[in-house]
Amino acid sequence: MADGNFKADHIRQSTGDKDVWLSPGSSMLPHRKEYIKCLQAAENIKTNTLLYAKTCDINGIVVIACPGHGCFALGGVANLYRGEQQKNVDWVLLQSLKYSNMDPEQGLLFFYDIACQYSVHFQRRIGHWLPIALDTDFAIGEILESLWANLNAVTLVMRMATLAH
Numbered sequence: 014m015a016d017g018n019f020k021a022d023h024i025r026q027s028t029g030d031k032d033v034w035l036s037p038g039s040s041m042l043p044h045r046k047e048y049i050k051c052l053q054a055a056e057n058i059k060t061n062t063l064l065y066a067k068t069c070d071i072n073g074i075v076v077i078a079c080p081g082h083g084c085f086a087l088g089g090v091a092n093l094y095r096g097e098q099q100k101n102v103d104w105v106l107l108q109s110l111k112y113s114n115m116d117p118e119q120g121l122l123f124f125y126d127i128a129c130q131y132s133v134h135f136q137r138r139i140g141h142w143l144p145i146a147l148d149t150d151f152a153i154g155e156i157l158e159s160l161w162a163n164l165n166a167v168t169l170v171m172r173m174a175t176l177a178h
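14 is the number of the first residue of the sequence shown in our numbering; add one for each residue after it.
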């Protein structure tokens, strides 16, 4: 399942690119440069007005997690730079599938609170990246909301921290 958390934002710092990145891409978040490069190359299909704060360089996170246990999927966490765009969710979904070693014959039931909107151009956006045999269905789900309550307590402290570490 997927969901975005807009309380996990980050206020733009004046130091810019002067920070030294200790271990980019080695934790929960993807390698920043690779992720941004893929987002820039992705087709941007407008679905609604993007809501984001101009004072923030990161407007939240998007997560892929197990709907039964709430465990975050490997490769399934990424920053949101300009609202909850479908290409951000596409990235974490594809990374999660890549690292999960899921058998395509199992199929994929994908829960998302805006699944009805997300599924409209799904095949056009990323169908060519999916395994041929993967049967995909969508359902609306809100399971991650309970996990955000715990994470949101930390976001207040992290909002002003350096992104480099």
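Here a beta-carbon is modelled for each residue, glycine too, at the ideal position from N, C-alpha and C.
As a quick exercise: from the options, pick the residue whose alpha carbon is nearest that of residue i.
{"i": "Thr175", "options": "Ser159, Leu122, Phe85, Ile71", "result": "Ile71"}
{"i": "Ile139", "options": "Ile156, Cys51, Val33", "result": "Cys51"}
{"i": "His134", "options": "Arg25, Lys46, Gly17, Ala55", "result": "Ala55"}
{"i": "Ala86", "options": "Lys111, Asn18, Gly96", "result": "Lys111"}
{"i": "Trp104", "options": "Asn165, Gln119, Arg45", "result": "Arg45"}
{"i": "Met179", "options": "Pro144, Asp150, Ile74", "result": "A query on residue 179 cannot be resolved here, the shown segment of the chain reaching from 14 to 178 and no further."}
{"i": "Asp150", "options": "Gly120, Arg95, Leu160, Trp161", "result": "Gly120"}
Please state the DSSP three-state secondary structure of residue i.
{"i": "Ile77", "result": "strand"}
{"i": "Tyr94", "result": "coil"}
{"i": "Ile139", "result": "helix"}
{"i": "Asn18", "result": "strand"}
{"i": "Cys69", "result": "strand"}
Can you tell me whether residue i is buried or exposed, with buried defined as 16 or more other CB within 10 angstroms of its CB?
{"i": "Val102", "result": "buried"}
{"i": "Gln99", "result": "buried"}
{"i": "Leu93", "result": "buried"}
{"i": "Val76", "result": "buried"}
{"i": "Asn163", "result": "exposed"}
{"i": "Pro43", "result": "buried"}
Counting only C-beta atoms, is residue i closer than 8 Å to chain C at any point?
{"i": "Ile153", "result": "In the structure shown, chain C does not exist; there is a single protein chain."}
**Report entry** Touching by the beta-carbon criterion (3+ pairs, under 8 Å), the region 80-88 and the region 126-136
**Finding:** no
Requested in this report: Pair every Cβ in the region 112-127 with every Cβ in the region 143-158, then say whether three or more of these pairs are closer than 8 Å.
Outcome: yes
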